[in-house]
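Everything below concerns the one structure shown next.
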Amino acid sequence: MTDALHILKVALDVPLDRVFDYATTQPNTQMGQYVVVPFGARKMIGVVVGISDTTSIESKKLKSIIRLEDEVIFDEASFKLFQFCSQYYHYPLGQTILSAVPSRLKQMDKKAMAKKYLYRLTPKAIQLGVDHLPPRQTILKKIVMAMIDATLLDEASLRSISPTWKKALETLDGMGWITKEAVTLEEARDLTKATIPSLNQDQQVAFDTILKTKEDFHAWLLYGITGSGKTEVYIRLIEEALKKDNAQVLVLVPEINLTPQLESRFRSRFQKFSLVTLHSHLTDNERLTHWRLAKEGKAHIVIGTRLSVFTPMPHLSLIIIDEEHDASFKQQEGLRYHARDVAIFRAKSENIPIVMGTATPSLETWFNATRTKDAKKFGFLKLTSRAVEDSTLPDIKYIDISKSTVTKGFSPYLIEAMRDRLTKQEQSLIFINRRGFAPVLLCGSCQWTGRCHRCSSRLVVHLNQKRLRCHHCGHDEKMPMQCPSCGNTDLYPTGLGTQRIEETLKEFFPEARILRVDRDSTRTKEALNDLFLNMKNRKIDILIGTQMLSKGHDFPHLSLVGVLDTDQALYSPDFRASERLFSQLMQVSGRAGRAKIKGEVYIQTAFPNHPLFAALKTHDYEHFAHELLKERELAELTPFAFLVLLKAEAHQLTHVMQFLNDAMEKARSLSNQVTVYHPVRPIMERLKGMERAQLVLQATSRGALQKLLDDWVPYLRENKLGQKVKWVVDVDPLEF
Ligand code: ADP
Ligand code: ZN
Ligand code: ZN
Numbered sequence: 011m012t013d014a015l016h017i018l019k020v021a022l023d024v025p026l027d028r029v030f031d032y033a034t035t036q037p038n039t040q041m042g043q044y045v046v047v048p049f050g051a052r053k054m055i056g057v058v059v060g061i062s063d064t065t066s067i068e069s070k071k072l073k074s075i076i077r078l079e080d081e082v083i084f085d086e087a088s089f090k091l092f093q094f095c096s097q098y099y100h101y102p103l104g105q106t107i108l109s110a111v112p113s114r115l116k117q118m119d120k121k122a123m124a125k126k127y128l129y130r131l132t133p134k135a136i137q138l139g140v141d142h143l144p145p146r147q148t149i150l151k152k153i154v155m156a157m158i159d160a161t162l163l164d165e166a167s168l169r170s171i172s173p174t175w176k177k178a179l180e181t182l183d184g185m186g187w188i189t190k191e192a193v194t195l196e197e198a199r200d201l202t203k204a205t206i207p208s209l210n211q212d213q214q215v216a217f218d219t220i221l222k223t224k225e226d227f228h229a230w231l232l233y234g235i236t237g238s239g240k241t242e243v244y245i246r247l248i249e250e251a252l253k254k255d256n257a258q259v260l261v262l263v264p265e266i267n268l269t270p271q272l273e274s275r276f277r278s279r280f281q282k283f284s285l286v287t288l289h290s291h292l293t294d295n296e297r298l299t300h301w302r303l304a305k306e307g308k309a310h311i312v313i314g315t316r317l318s319v320f321t322p323m324p325h326l327s328l329i330i331i332d333e334e335h336d337a338s339f340k341q342q343e344g345l346r347y348h349a350r351d352v353a354i355f356r357a358k359s360e361n362i363p364i365v366m367g368t369a370t371p372s373l374e375t376w377f378n379a380t381r382t383k384d385a386k387k388f389g390f391l392k393l394t395s396r397a398v399e400d401s402t403l404p405d406i407k408y409i410d411i412s413k414s415t416v417t418k419g420f421s422p423y424l425i426e427a428m429r430d431r432l433t434k435q436e437q438s439l440i441f442i443n444r445r446g447f448a449p450v451l452l453c454g455s456c457q458w459t460g461r462c463h464r465c466s467s468r469l470v471v472h473l474n475q476k477r478l479r480c481h482h483c484g485h486d487e488k489m490p491m492q493c494p495s496c497g498n499t500d501l502y503p504t505g506l507g508t509q510r511i512e513e514t515l516k517e518f519f520p521e522a523r524i525l526r527v528d529r530d531s532t533r534t535k536e537a538l539n540d541l542f543l544n545m546k547n548r549k550i551d552i553l554i555g556t557q558m559l560s561k562g563h564d565f566p567h568l569s570l571v572g573v574l575d576t577d578q579a580l581y582s583p584d585f586r587a588s589e590r591l592f593s594q595l596m597q598v599s600g601r602a603g604r605a606k607i608k609g610e611v612y613i614q615t616a617f618p619n620h621p622l623f624a625a626l627k628t629h630d631y632e633h634f635a636h637e638l639l640k641e642r643e644l645a646e647l648t649p650f651a652f653l654v655l656l657k658a659e660a661h662q663l664t665h666v667m668q669f670l671n672d673a674m675e676k677a678r679s680l681s682n683q684v685t686v687y688h689p690v691r692p693i694m695e696r697l698k699g700m701e702r703a704q705l706v707l708q709a710t711s712r713g714a715l716q717k718l719l720d721d722w723v724p725y726l727r728e729n730k731l732g733q734k735v736k737w738v739v740d741v742d743p744l745e746f
């Protein structure tokens, strides 16, 4: 007697927009279960997306699954979300699903997972305090301080403090300073009570207004400068949401903002609830554990970065997005989704409220929340002042570098202001806009500069190692002693790199303690933590940064921000450059004077009369947004139109152009409501040895654009040139 045969429709991680039929004799298979199946000569992980009794495949050719896993990895609601993303971003369903589940699940051979613990200080340790630790034990000290801050630390946080955390914990254990407990996440915890401020009037209005709709879908923009108390409003809303039994809340934050400080603020306010984080600093196992807790409804609060928007949460009742405008919510490869937009779709489909907070909304969101012509899509709530009494906005001053002398990048006014801070024992931050200020090698006689032979980029000087490096492909070569073009030996680095700025500042202020922060040095949570501690304890006088330092963290002794060079972004070909610059400058200005000392911001520019600066001086995002929207409307750009970018690259430019021209013709034949532009080369014409070009589709109707894509993308997939040309479709692209 044979068991009945069932046909499973399996989605696989392959670039084909279809599902595959496999046979199984196992009864009771469920949608969302994952399976191992034969695919060609390989074994692959797949997900069951449908079950049927029939198939169009001949029985001889029908293959059976190799293994069925018990775990159901998504529910009905997540499946809807995957389907939406697959359709909207025109990305195969199987790849969509498999890019959204933790990678640990996809590893074929799983080792048993180690048991997990949380660690806390004993009362004895709390009483004695860090000063009783043996001298020079910096790691012990850091761990104890972090525990004082956070009360409970998990292994991920400990590892981020030091790779030798295990040894340190043994020492602390030997001293009777710590206890550990297994992660169950259910028991109530008796942490010390966090102080809970009473809401000010703006906060109260925002809270009350949002609460009125708490059971239904509604999108809210919570607009307020850094420090105006947005996070406090989120916390109150979450408290309300969690009053319902089993309710779950999802909080999305940009990667850089998910600091131990933010986490501990939430933990101390939600001691009775279980909270998990999902972000890239976790190990695969930790990620899987946290994700499962969410999926099983055991985690009440999930704080995570963009990918966590896909976390299955059976009792999801509220979504919060902090720093809604942040570009890191957009995934730039594979499934090119925007977590904010996916979250809005999810909130709508699960009929729950979503609250988006920021000081500088993206123009899309601003438009949705304030446009007056037709009905507003989002509710609009505003916090008008800083929440902490006595803290005020910094004064913003412009230094006209077309009139003032500049020595190695610094005007004397800025140097004097920094000197003044040093004498007052206050801190300064020197900010360099990230893009395009790396130093390149220049020949003084023929203007030769080092260029990468694989990319259209200039090689960056790394003075310490005496090497030239391409920051796009990693190509690396020795710094030449003489100009390869004319033989001249007078080669010098030009452009302001962080290293050169550091050296210059050391010359100006030999006695100052200077710290340079760049992408490399803040990659780990450990490094960030160090930075915060050292700033707090005034172990740093001057901080040099190329990227936004995390919000949610006050530097109480920081009173001066100097911005060296922003002018390139003022006149960039990317239409979003000024929007990004404004929000960057607003944020970086917000770093000055968050406590009781008045902050000052000095911006060096050759264009002090640029309208962007006028708006920035009065901290007037609204005026700036208003002006930008007018420009965008005239140019028919986002948010007045919807865009799609088709990017293609190949070894030979002719192949790229042939492919794109064909795509352009096809698109034009498909719709007359969509404008199809000619293919153009991007700023980075060549990357890693590949020639690149792209074309833009633009339409005022999202529906018309999507309808075109429905036919166009399958057509592109069929194109024979596709073997030579690598291409991607980016719906709602952020960068061009
Ligand atoms: P944002 O998220 O807008 O940057 P936060 O919610 O982090 O602002 O608030 C900034 C600071 O002000 C925090 O230290 C917070 O504890 C405090 N704070 C927030 N709301 C109030 C309030 N109503 N009264 C007093 N302090 C507050
Ligand atoms: Zn030369
Ligand atoms: Zn290169």
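Anchor point for the sequence shown: position 522 equals 532 in the working numbering, and the numbering is continuous, going up by one each time. Beta carbons: idealized from backbone N, C-alpha and C, even for Gly.
Checklist line | Counterpart residues of Ala-229 in DSSP-defined beta bridges | finding: In DSSP, Ala-229 forms a bridge with Ile-364.
Next item on the list: Thinking Glu-165 and Asn-267 are a contact (beta carbons under 8 Å), I'd like their distance in whole angstroms, please.
Entry: Approximately 22 Å separates the beta-carbon atoms of Glu-165 and Asn-267; this is outside 8 Å, ruling out the contact.
Next item on the list: Quick one: residues in its chain with C-beta nearer than 8 Å to the C-beta of Cys-480, no 5 flanking neighbours on either side, listed in chain order?
Entry: A distance below 8 Å between beta-carbons, with the five flanking residues on each side excluded, links Cys-480 to the following residues of its chain, in chain order: Cys-462, Arg-464, Cys-465, Ser-467, Leu-469, Val-470 and Asp-486.
Note to self: Is it buried or exposed, Pro-449, if we count other Cβ atoms within 10 angstroms and call 16 or more buried?
What the structure shows: Buried, since its Cβ has 16 or more Cβ neighbours within 10 Å.
Checklist line | Among Phe-420, Met-185, Phe-585 and Met-700, the one whose alpha carbon lies nearest that of Ala-658 | finding: Checking every option, the nearest Cα to that of Ala-658 belongs to Met-700.
Item checked: Per DSSP, cross-strand counterpart(s) of Glu-487 -> According to DSSP, Glu-487 bridges with Leu-478.
Next item on the list: Would you decide whether Trp-737 is buried or exposed? Buried here means 16 or more other CB atoms lie within 10 Å of its CB.
Entry: Burial call: buried.
Check: Any heavy atom of ligand 3 closer than 8 Å to the CB of Lys-698?
Finding: Yes, the Cβ of Lys-698 comes within 8 Å of a heavy atom of ligand 3.
Item checked: At least 3 beta-carbon pairs within less than 8 Å: the segment 334-352 vs the segment 294-301 -> In this structure the segment 334-352 does not touch the segment 294-301; the number of beta carbon pairs closer than 8 Å is below three.
Notebook entry, point to check: What three-state label does DSSP hand Thr-417 in the structure shown?
Noted result: Strand at Thr-417.
Notebook entry, point to check: Tell me which same chain residues have a C-beta within less than 6 Å of the C-beta of Trp-175, skipping the five on either side of it?
Noted result: These residues qualify, in order along the chain: Leu-168 and Arg-169.
Note to self: At the level of alpha carbons, what is the spacing between Leu-424 and Lys-549?
What the structure shows: Whole-angstrom Cα-Cα distance: 22 Å.
Next item on the list: Within the same chain, show all residues whose beta-carbon is closer than 6 Å to that of Asp-721, passing over the 5 residues directly before and after it, in chain order.
Entry: Only Leu-680 meet the Cβ criterion.
Item checked: Uninterrupted alpha helix (DSSP H) stretches inside the segment 572-632 (no shorter than 4 residues) -> Complete alpha helix (DSSP H) runs here, min 4: 577-580, 587-599 and 621-627.
Note to self: Determine whether the beta carbon atoms of Val-352 and Val-319 lie at a separation below 9 Å.
What the structure shows: Less than 9 Å divides the Cβ of Val-352 from the Cβ of Val-319.
Note to self: Considering Cα atoms alone, identify which of Lys-476, Ile-329 and Leu-515 is closest to Gly-419.
What the structure shows: Residue Leu-515 is the option with its Cα nearest to Gly-419.
Next item on the list: Tell me whether Gly-460 counts as near ligand 3, meaning its Cβ is closer than 8 Å to at least one heavy atom of that ligand.
Entry: Gly-460 has its CB no nearer than 8 Å to any heavy atom of ligand 3.
Check: What are the uninterrupted segments assigned as alpha helix (DSSP H) that are 4 or more residues long and contained completely in the segment 149-199, given in chain order?
Finding: Unbroken alpha helix (DSSP H) stretches of 4 residues or longer found wholly inside the segment 149-199: 165-171 and 175-184, given in chain order.
Notebook entry, point to check: From which residue to which residue does the beta strand (DSSP E) around Asp-410 run?
Noted result: Where Asp-410 is concerned, the enclosing beta strand (DSSP E) stretches over 405-410.
Notebook entry, point to check: To the nearest angstrom, how far is it from the Cα of Asp-63 to the Cα of Pro-48?
Noted result: Cα to Cα, Asp-63 sits roughly 20 Å from Pro-48.
Check: Between Val-598 and Asp-410, what straight-line distance do the alpha-carbon atoms span, to the nearest angstrom?
Finding: The alpha-carbon separation between Val-598 and Asp-410 amounts to approximately 20 Å.
Check: Sorted by chain position, which residues of the same chain lie with C-beta nearer than 8 Å to Lys-476's C-beta, five sequence neighbours on each side aside?
Finding: Excluding residues within five positions, the ones whose Cβ falls inside 8 Å are Lys-488 and Met-489.
Check: Any chance the segment 239-252 sits against the segment 375-382, with 3 or more Cβ pairs inside 8 Å?
Finding: No: fewer than three Cβ pairs fall under 8 Å.
Notebook entry, point to check: Using a Cβ-Cβ cut-off of 6 Å (strictly less than) and excluding sequence neighbours within five positions of Thr-368, which residues of its own chain qualify?
Noted result: Glu-333, Glu-334 and His-335, listed in sequence order.
Check: If Arg-429 sits next to Tyr-99, beta carbons under 8 Å apart, how far is it from one beta carbon to the other, in whole angstroms?
Finding: Between Tyr-99 and Arg-429 the Cβ distance is about 52 Å, and since that is not below 8 Å, they are no contact.
Next item on the list: Please report how far the alpha carbon of Glu-197 lies from the alpha carbon of Ala-673, in whole angstroms.
Entry: Because Glu-197 carries a pLDDT of 36, less than 50, the predicted location of this residue cannot be relied on, and no value is offered for it.
Note to self: Quick check: what's the CA-CA separation for Asn-539 versus Ile-171?
What the structure shows: Roughly 7 Å between the two C-alpha positions.
Next item on the list: Compare the C-alpha of Glu-745 against each of Arg-130, Gly-239, Phe-84 and Ser-338 and name the closest.
Entry: Measuring C-alpha to C-alpha distances from Glu-745 to each of Arg-130, Gly-239, Phe-84 and Ser-338 identifies Ser-338 as the nearest.
Next item on the list: Run through the segment 631-672 for me and flag every whole beta strand (DSSP E) of 3 or more residues, listed as ranges in chain order.
Entry: Segments of the beta strand (DSSP E) lying fully in the segment 631-672: 652-660.
Next item on the list: Compute the beta-carbon to beta-carbon distance between Leu-143 and Lys-151, rounded to the nearest angstrom, for a pair I have assumed lies under 8 Å.
Entry: Rounded, the Cβ-Cβ distance is 6 Å, consistent with contact.
Notebook entry, point to check: Thinking C-beta only, is Ile-313 closer than 9 Å to Phe-276?
Noted result: Yes, these two residues count as a Cβ contact at 9 Å.
Notebook entry, point to check: Which same chain residues, not among the five before or five after Ile-245, have their C-beta less than 7 Å away from its C-beta?
Noted result: So the list reads Arg-279, once near-sequence residues are dropped.
Check: Just checking, does the segment 33-44 make contact with the segment 78-91 on the three C-beta pairs under 8 Å criterion?
Finding: Touching, yes, given that three or more Cβ pairs across the two stretches are closer than 8 Å.
Notebook entry, point to check: Which residue from Leu-221, His-310 and Asp-575 puts its Cα closest to that of Asp-255?
Noted result: Nearest C-alpha to Asp-255: His-310.
Note to self: Tell me the residue span of the beta strand (DSSP E) that contains Glu-701.
What the structure shows: Residues 700-709.
Margin query: Less than 9 Å between the C-beta atoms of Thr-219 and Leu-393, yes or no?
Written below: No, the Cβ-Cβ distance between Thr-219 and Leu-393 is not below 9 Å.
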